[in-house]
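Structure, as structure tokens:
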Amino acid sequence: MGVERTRVVVVGAGIAGVACAAELHRAGIPVQVRERGRVPGGRMASKRFDGRPADLGAAYFTVSDPGFAEVVRGWAAAGLAREWTDTFVAYSAAGRREVPGPMRWAAPRGLRSLVEHLAADLPVVVDRLVLGVEPGPTVDGEPCAAVALAVPGPQAALLLDPALEAATAAVQAQRWSPTLSGVLRFPTRSWADFRGAFVNDHPLLNLVCDDGDRRGDRAPVLVAHTTPEFAAGHLAQPTGAARAIEEAVRDLLGLPDRAEHVHVHRWTYAKPVDRAGDGTYHLDADGIGLAGDAFGEPRIQSAWRSGHDLGRALTARLTRATPGP
């Protein structure tokens, strides 16, 4: 067999795709990760503003899975992750109250740095748009041993040949909701400490995080995530929602000053609405695997577990299928 036939192609360099590729690479199975964006990260996205990163996608992560805890210990040892807070506030019609919960972790250099750390030794090709996955399996006409699609179901559905019936049915069953993320930089920190806030029953806001507290540098930066309903009306032109997001945040927190800069990022597929089946991944007889947090709770930990488990399942299948010396 040529290297193309023995290689596994992983589509998507978010944490699920990288976790999947890491297991294959560890087992000595040739693998290549293809990412249509300029950098790895997926929904663990960070963007720099005046040299400072701000998290645009996931707001934090929690840890309860022993395997994921081991990964987190590695991040912490490298200075990439830190415990942030176990208490948010919640805003509702009844007022403001503190809400205790699990310890939430943050990344001083941005959550994307955690994915980059996991992908450091992996063959990741960025700016590589995959156009189609067909029976064989083949990816853009190249034969491979298996394909792992670690992207939201609606995006995977655009790539799959309908002849790949099992995978097509699995991705078409997924439902996702959108959001807009607004990064707001203010002249000064004019709000009381709150770390993060769940916003209930609000027509626009769903979550607001103090990015300066989350990052640990006390920068006057807030990141707001909108409701799916508000986002759905602004997906065509997300920048047009900047003023409304800013006004809603200022009203919620009673801020006197306008933001100096507002950046809005669109997430058409921000969060899976329903769990996709009972397992942590999909792998069918056609050699098509699917991974991501759609196979669990919408959490970073779930996405890692899904990719990790798919990588191990592919390793077991391909090792059995490979003839001995």
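Position 288 (the sequence shown) corresponds to 288 in full-length UniProt numbering; numbering is contiguous.
No residue lacks a Cβ here, since even glycine has one placed at the ideal position from N, Cα and C.
Beta-carbon contacts of residue i that lie in its chain and below 7 Å, excluding the five residues immediately before and after
| i | result |
| --- | --- |
| Arg312 | Glu23 |
| Asn200 | Ala90, Tyr91 and Ser92 |
| Phe68 | Gln301, Trp304 and Arg305 |
| Glu83 | Met103 and Trp105 |
| Arg7 | Pro30, Val31, Gln32, Cys144 and Ala145 |
| Ala241 | Leu180, His234 and Val264 |
| Ala231 | Pro178, Thr179 and Leu180 |
| Ala170 | Ala276, His282 and Leu290 |
| Asp217 | none |
| Gly14 | Gly41, Gly42, Arg43, Met44, Val115, Ala150 and Ala303 |
| Asp65 | Gln301 and Arg305 |
Test item: CB-CB of residue i and residue j under 9 Å
| i | j | result |
| --- | --- | --- |
| Leu184 | His261 | yes |
| Arg112 | Ser181 | no |
| Pro108 | Arg215 | yes |
| Leu122 | Trp75 | no |
| Leu118 | Val72 | no |
| Ala27 | Val10 | no |
| Gly57 | His265 | yes |
| Ala148 | Asp286 | no |
| Arg243 | Phe88 | no |
| Val130 | Val139 | yes |
| Asp55 | Gly110 | yes |
| Asp213 | Val223 | no |
| Pro298 | Lys271 | yes |
Nonlocal neighbours in the same chain, by C-beta distance under 8 Å from residue i, ignoring five residues either side
| i | result |
| --- | --- |
| Tyr281 | Gly289, Leu290, Ala291, Phe295, Ser306, Gly307, Asp309, Leu310 and Ala313 |
| Ser190 | Pro220, Leu255, Pro256 and Asp257 |
| Thr227 | Thr179, His202, Pro203, Leu204, Leu205 and Asn206 |
| Pro100 | Asp86 and Thr87 |
| Val3 | The pLDDT assigned to Val3 is 47, lower than 50, so where the model puts this residue is not dependable; a value taken from the coordinates is nonetheless given after this. Cβ within range, chain order: Pro30. |
Residues of its chain near residue i, where Cβ-Cβ distance is below 6 Å and the 5 sequence neighbours each way are ignored
| i | result |
| --- | --- |
| Gly12 | Ala150 and Val151 |
| Ala202 | The sequence given here has His at residue 202, not Ala. Closer than 6 Å at the Cβ level, and outside the excluded window around His202, lies no residue. |
| Ala276 | Gln174, Ala294 and Phe295 |
| Glu98 | Thr87 and Val89 |
| Ala16 | Ala150, Ala291, Gly292, Ala303, Ser306 and Gly307 |
Integer Cβ distance of residue i from residue j, believed to fall under 8 Å
| i | j | result |
| --- | --- | --- |
| Leu164 | Pro135 | 6 Å |
| Val133 | Arg38 | Incorrect: roughly 22 Å between the Cβ atoms, too far for contact. |
| Val208 | Ala192 | No, Val208 and Ala192 are not in contact; Cβ-Cβ is about 13 Å, not under 8 Å. |
| Gln155 | Tyr269 | 7 Å |
Beta-bridge pairing of residue i - partner residues as DSSP gives them
| i | result |
| --- | --- |
| Glu23 | Note: Glu23 sits in no beta bridge, so no partner. |
| Phe61 | Trp105 |
* Length-filtered (4 minimum) alpha helix (DSSP H) runs lying within the stretch 134-161 -> 153-159
* For the stretch 197-250, list the beta strand (DSSP E) runs that are entirely contained and at least 3 residues long, ordered along the chain. => 205-210 and 221-226
* Segments assigned beta strand (DSSP E), at least 3 residues, entirely inside the stretch 46-91 -> Listed in chain order, the complete beta strand (DSSP E) runs (minimum 3 residues) inside the stretch 46-91 are 46-49 and 52-55.
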